[in-house]
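Student:
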Amino acid sequence: MPKDAAVEEFAGLVRALKARDGRSYEALGRRLSVSASTLHRYCSGATVPEEFAVVDRLALLCGADEEERRALKAAWTEADRARRRAASPAPVPAVSAAPESNPEPSAPEPAPGPAPDPTAQDPSAPEVPRARPRRGAPAPLVAAAVALVVLALAAALLGHPMRTASAPAPASTTPGRTAAPLPFTWSIGSQLWEGGCGHTYLVDRAPRAVAQPPIAADSGAWAGTHGAVHGGEALVRITVQGRSPSDAVVLHALHVRVVDRAAPLPWNAYRMDHGCGGAFTPRHFAVDLDRPRPLARSVDGLDASGAEVRKVPAVSFPYKVTSSDPEELLVSARTAGCDCRWYLELEWSAGGRTGAVRITDGGKPFRTSGTRGRPAYVHNSVEGRWITDSDSGQTG
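Residue numbers (our numbering): 362 to 757.
This is how it looks when you write it as structure tokens:
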């Protein structure tokens with residue numbers, strides 16, 4: 362199948378950046394916290410990254426100016442739209458799971474929204490929207506647009522800026538002061554697979570009503586369509602980048618907050634396996650959600666981007682970030698005995714200011730459920746259907 366023109370245009374810009382820098386895929390990948398094979402797929406157009414942040418970091422490393430970064434952002438936006446159109450799964454019949462595995466069906470959660478744009482994320486200084494109805498627009502639409510402007514202006518005058526789920530508010534700021542813009546930007550990836558190749562989802566559907574596994578880059582759309590919940594483990598990647606090349610932001614700690622615990626979901630477990638690539642996880646944190654007060658423990662990372670797999674020694678807080686030296690944190694949250702909803706808080710300081718940013722999944726808590734004892738399935742690509750896993754009942 363020929364590549365989409367938007368994808369090819371984006372890939373050409375990425376190739377030009379890589380050629381300008383002159384470093385190998387492996388060397389650049391280590392600076393970007395991605396594998397050499399993943400970076401090669403971006404350059405060839407085989408894959409479009411889910412987030413612009415990694416490409417923006419590449420542009421900074423390769424010396425791109427603001428105009429080039431804006432052009433790259435526009436090209437990525439069009440390529441990402443093309444990827445999402447191509448990845449839209451075909452509708453599947455809504456067939457309920459077997460009675461014994463679905464005593465009380467739960468309404469699936471809505472699909473997670475797009476990842477926040479790290480270059481635009483500034484929750485403390487929102488821009489007041491302007492209503493610009495098109496000529497001939499219906500009167501109700503014009504009235505709604507005017508009402509939105511009035512509400513936004515009123516909120517700004519009262520000192521309560523409007524917020525969206527893609528720009529979560531800081532959990533705390535310096536007492537007694539008006540909230541100022543954060544000295545850094547951040548973004549998350551919440552639909553990650555172990556090493557880019559393996560993951561388990563819990564889905565409240567029978568196997569015949571579940572589409573074939575997606576590639577890892579399209580896992581968010583697949584999970585949203587099926588109302589899937591992370592089974593046994595959830596991986597969350599947090600990318601933090603300062604706004605200034607010289608004024609560093611210090612990251613002091615990462616806290617885990619569990620807001621709800623329930624019995625593990627009685628749903629079927631579906632295991633993803635779409636081929637493994639290299640991985641690079643320099644800042645890795647393990648979380649045991651089954652503990653009364655879970656902690657984010659710094660553990661050894663992994664560098665599988667080269668010919669040999671190497672350990673990356675654990676480095677505890679604090680970390681420093683600037684605009685040219687971002688940091689990437691990978692959180693692995695596991696559970697065997699609960700359906701847990703949780704979020705993270707990242708403590709920071711810069712220029713005499715301190716605060717804590719709440720890290721959520723598009724405005725709502727992350728969700729992870731144990732899978733022990735649940736019927737487990739893997740996809741048989743030859744027969745084109747889900748079959749019972751020989752290790753059924755051993756997950757979680």
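Glycine included, C-beta positions come from ideal geometry on N, C-alpha and C.
With H, G and I counted as helix, E and B as strand and the rest as coil, what does DSSP make of Ser607?
Tutor: Of the three classes helix, strand and coil, the one that applies to Ser607 here is coil, per DSSP.
Student: Determine whether the beta carbon atoms of Val648 and Ser693 lie at a separation below 8 Å.
Tutor: Cβ atoms of Val648 and Ser693: closer than 8 Å.
Student: Got a sec: is the Cβ-Cβ distance from Leu596 to anything in chain D below 8 Å?
Tutor: Given the protein chain composition of this structure (a single chain), no chain D is represented.
Student: DSSP beta-bridge partners for Val660?
Tutor: Answer is His645, bridged to Val660.
Student: Ends of the beta strand (DSSP E) at Cys701?
Tutor: Unbroken beta strand (DSSP E) run through Cys701: 700 to 711.
Student: Can the beta-carbon of Leu563 be found closer than 8 Å to that of Arg702?
Tutor: No, the Cβ-Cβ distance between Leu563 and Arg702 is not below 8 Å.
Student: Give the secondary structure of Glu744 by DSSP, where H, G and I count as helix, E and B as strand, and everything else as coil.
Tutor: Of the three classes helix, strand and coil, the one that applies to Glu744 here is coil, per DSSP.
Student: Does the Cβ of His587 have 16 or more other Cβ atoms within 10 Å, making it buried, or fewer, making it exposed?
Tutor: Buried.
Student: Relative to the alpha-carbon of Ser551, which residue among Pro542, Arg444, Lys725 has its alpha-carbon at the smallest distance?
Tutor: The shortest Cα separation from Ser551 among Pro542, Arg444, Lys725 belongs to Lys725.
Student: Taking its Cβ as the centre, do 16 or more other Cβ atoms sit within 10 Å of Asp426, making it buried, or is it exposed?
Tutor: Classification of Asp426: exposed, given that the 10 Å Cβ count is below 16.
Student: With DSSP as the reference, please indicate the residues paired to Ala694 in a beta bridge.
Tutor: Ala694 is bridged to Ala595, Val648.
Student: Take Asp621 and list the residues in its own chain whose beta-carbon comes closer than 6 Å to its own, dropping the five residues that flank it on each side.
Tutor: Excluding positions up to five away in sequence, the list reads Arg702.
Student: For Trp547, write down the residues that DSSP places opposite it in a beta bridge.
Tutor: For Trp547, which the question treats as bridged, DSSP gives the partners Val601.
Student: State the Cα-Cα distance for the pair Asp417 and Arg430, rounded to the nearest angstrom.
Tutor: Their backbone Cα atoms lie some 7 Å apart in a straight line.
Student: In the segment 380 to 409, which residue ranges form an unbroken alpha helix (DSSP H) of at least 4 residues, counting only runs that do not cross its ends?
Tutor: If we require 4 residues or more, the alpha helix (DSSP H) runs fully inside the segment 380 to 409 come out as 386 to 393, 397 to 405.
Student: Indicate the three-state DSSP secondary structure (helix, strand or coil) for Glu555 in the structure shown.
Tutor: Strand, per DSSP.
Student: Quick check on this structure: which residue in Ala630, Thr438, Pro542, Ile549 has the alpha carbon closest to the alpha carbon of Arg566?
Tutor: Of the listed residues, the one whose Cα sits closest to Arg566 is Ala630.
Student: Give a yes or no on whether the C-beta atoms belonging to Leu691 and Leu596 are separated by under 8 Å.
Tutor: Against a cut-off of 8 Å, the Cβ pair of Leu596 and Leu691 comes out as a contact.
Student: With DSSP run on the structure shown, which of helix, strand or coil describes Ala425?
Tutor: Of the three classes helix, strand and coil, the one that applies to Ala425 here is coil, per DSSP.
Student: Taking 8 Å as the cut-off, decide whether the C-beta atoms of Cys404 and Val375 are in contact.
Tutor: A contact, by the Cβ cut-off of 8 Å.
Student: Could you compute how far the alpha carbon of Gly406 sits from the alpha carbon of Ala366?
Tutor: If I take the Cα positions, the gap works out to 10 Å.
Student: With 16 as the cutoff for other CB atoms within 10 Å, does Ala420 come out buried or exposed?
Tutor: Burial call: buried.
Student: Is Thr438 helix, strand or coil by DSSP?
Tutor: Helix, per DSSP.
Student: Hey, how far is the Cα of Gly581 from the Cα of Asp382?
Tutor: Distance between the alpha carbons of Gly581 and Asp382 is about 32 Å.
Student: To the nearest angstrom, how far is it from the Cα of Leu389 to the Cα of Leu707?
Tutor: Near 27 Å, if we compare the C-alpha coordinates of Leu707 and Leu389.
Student: Could you give the first and the last residue of the continuous alpha helix (DSSP H) run that contains Thr586?
Tutor: Segment 580 to 587, the alpha helix (DSSP H) holding Thr586.
Student: Pull the bridge partners of Phe727 from the DSSP assignment, please.
Tutor: According to DSSP, Phe727 bridges with Trp703.
Student: Taking Ile576 as the reference, give the member of Glu594, Arg654, Arg569, Glu555 with the closest Cα.
Tutor: Answer by Cα proximity: Glu555.
Student: To the nearest angstrom, how far is it from the Cα of Met523 to the Cα of Gly603?
Tutor: Because the pLDDT at Met523 is just 38, under 50, the model does not fix this residue reliably, and the value given afterwards should be weighed accordingly. In a straight line, the C-alpha of Met523 is about 24 Å away from that of Gly603.
Student: Can the beta-carbon of Pro568 be found less than 8 Å from the beta-carbon of Tyr738?
Tutor: Result yes, Cβ atoms of Pro568 and Tyr738 sit closer than 8 Å.
Student: Using the C-alpha atoms, what's the distance from Ala435 back to Arg598?
Tutor: In a straight line, the C-alpha of Arg598 is about 24 Å away from that of Ala435.
Student: Spatial neighbours of Leu378 within its chain, please: CB distance less than 7 Å, with the 5 preceding and 5 following residues excluded, ordered by chain position.
Tutor: Here the set comprises Leu419, Ala420, Cys423, Ala425.
Student: Does DSSP classify Leu563 as helix, strand or coil?
Tutor: Here Leu563 sits in strand by DSSP.
Student: Are there 16 or more other CB atoms within 10 angstroms of the CB of Arg695, so buried, or fewer, so exposed?
Tutor: Answer is buried; the Cβ neighbour count reaches 16.
Student: Report the residue from Ala572, Asp579, Thr561 whose alpha carbon sits nearest the alpha carbon of Ala443.
Tutor: With distances taken between Cα atoms, Ala443 lies closest to Asp579.
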